[in-house]
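Visitor: This structure is in structure tokens; I'll ask about it shortly.
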Amino acid sequence: MTRERSERLYGLDHLRALAIVMVLLFHYRAFKHPEWIDTIGRFGWTGVDLFFVLSGFLISGQLFKEMNEKGTISLKTFYIKRFFRIVPAYFFTLFLYFTIPFFREREALPPLWKFVTFTQNYRLDVISQGTFSHAWSLCIEEQFYLILPLFLLVIMPSKLFKYFTVLIIFLSCFLSS
């Protein structure tokens, strides 16, 4: 009997759990809490960054694996998988927010089109339209899912692919400024 090697990286599950705890502690500071929560909780925003890094690592790993095995990326398969992983639950949440005001943490919502197009993170106004403002991180992730495979398909056949790491660092610096 041959034993198939698991490709799951269990250490990433631990990092994901750490990210969740960090974000929870950050938000828990809004309630009555022990002092030590402030010490740790103020760094809770880094949990979101950790989620971004984990997601980027896992998704790009899948794309690189497909490129190595098939020489290309199936955009159709990639986008269908992403769609069914994210969109049904997200749209159900949007349905609740827009039809049943009880679920809103605040009264005002940004326009529905910003949520549907995953552009709610642009010109985000948490003060006057803060309901479901935490969807900004999902918007960024979806934008990454849209751009990365296209970027890889363009750069893969070129000689620039061997400089991929340098290009990503350059683009990260350029886009974050």
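In the numbering used here, the protein residues as written are 2 to 178. Positions of the beta carbon are idealized from the N, C-alpha and C atoms, including for glycine.
(1) When burial is assigned at 16 or more other CB atoms within 10 Å of the CB, is Ile74 buried or exposed?
(2) Lys82 lies in the alpha helix (DSSP H); which residues open and close that run?
(3) Mind checking if Thr166 is an interface residue toward chain D, Cβ cutoff 7 angstroms exclusive?
(4) Quick check on the burial criterion: 16 or more other C-beta atoms within 10 angstroms. Buried or exposed for Arg108?
(5) Return the residue from the list Ser159, Phe162, Tyr146 that minimises the CA-CA distance to Thr78.
(6) Using 8 angstroms as the cut-off, can you tell me whether the stretch 42-54 makes contact with the stretch 13-20, which would need three or more C-beta pairs spanning the two stretches below that distance?
(7) Relative to the C-alpha of Leu154, which residue among Thr40, Lys71, Leu139, Ile87 is closest?
(8) Can you tell me where the alpha helix (DSSP H) with Gly12 in it begins and where it stops?
(9) Would you list, in sequence order, the uninterrupted alpha helix (DSSP H) runs of no fewer than 4 residues that lie entirely inside the stretch 118-176?
(10) Would you please state the rounded distance, in angstroms, between the beta carbons of Gly42 and Arg30? I believe it to be under 8 angstroms.
(11) Once you ignore the five residues that flank Phe99 on each side, which residues in its own chain have a CB closer than 8 angstroms to its CB?
(12) If the criterion is Cβ atoms closer than 7 angstroms, does the pair Pro150 and Leu59 meet it?
(13) Measuring alpha carbon to alpha carbon, tell me which of Phe116, Ile101, Glu67 ends up nearest Val88.
(14) Restricting to Cα atoms, I'd like to know which of Leu161, Leu97, Phe152 is closest to Leu76.
Guide: Taking the structure as given:
(1) By 1-based counting over the sequence shown, the position of residue 74 is 73. With 16 or more other Cβ atoms within 10 Å, it is buried.
(2) Numbered from 1 along the sequence shown, position 81 holds the residue referred to as residue 82. Note, Lys82: alpha helix (DSSP H), 76-100.
(3) Among the chains in the structure shown there is no chain D, since it carries only a single protein chain.
(4) Locating residue 108 in the sequence shown gives position 107, counting from the first residue. Per the sequence presented here, residue 108 reads as Glu, with Arg not at that position. Flag for Glu108 reads exposed.
(5) The residue labelled residue 78 in the question sits at position 77 within the sequence shown. Comparing Cα positions, the closest option is Tyr146.
(6) yes
(7) Within the sequence shown, residue 154 is the residue found at index 153, counting from 1. The shortest C-alpha separation from Leu154 is found at Lys71.
(8) In the sequence shown, residue 12 corresponds to position 11, counting from 1. That run of the alpha helix (DSSP H) goes 11-29.
(9) 137-156
(10) Walking along the sequence shown from the start, residue 42 turns up at place 41. Walking along the sequence shown from the start, residue 30 turns up at place 29. Indeed they touch by this definition, with Cβ atoms about 5 angstroms apart.
(11) Locating residue 99 in the sequence shown gives position 98, where the first residue counts as 1. Counting only Cβ-Cβ distances below 8 angstroms, and skipping sequence neighbours, we find Leu110, Leu113.
(12) Here residue 150 corresponds to residue number 149 of the sequence shown, with the count starting at 1. Here residue 59 corresponds to residue number 58 of the sequence shown, with the count starting at 1. The answer is no: Cβ separation not under 7 angstroms.
(13) What you label residue 88 is simply residue 87 of the sequence shown in a count that begins at 1. That would be Phe116, whose Cα lies nearest to the Cα of Val88.
(14) Against the sequence shown, residue 76 aligns to sequence position 75. Of Leu161, Leu97, Phe152, the residue nearest in Cα terms is Phe152.
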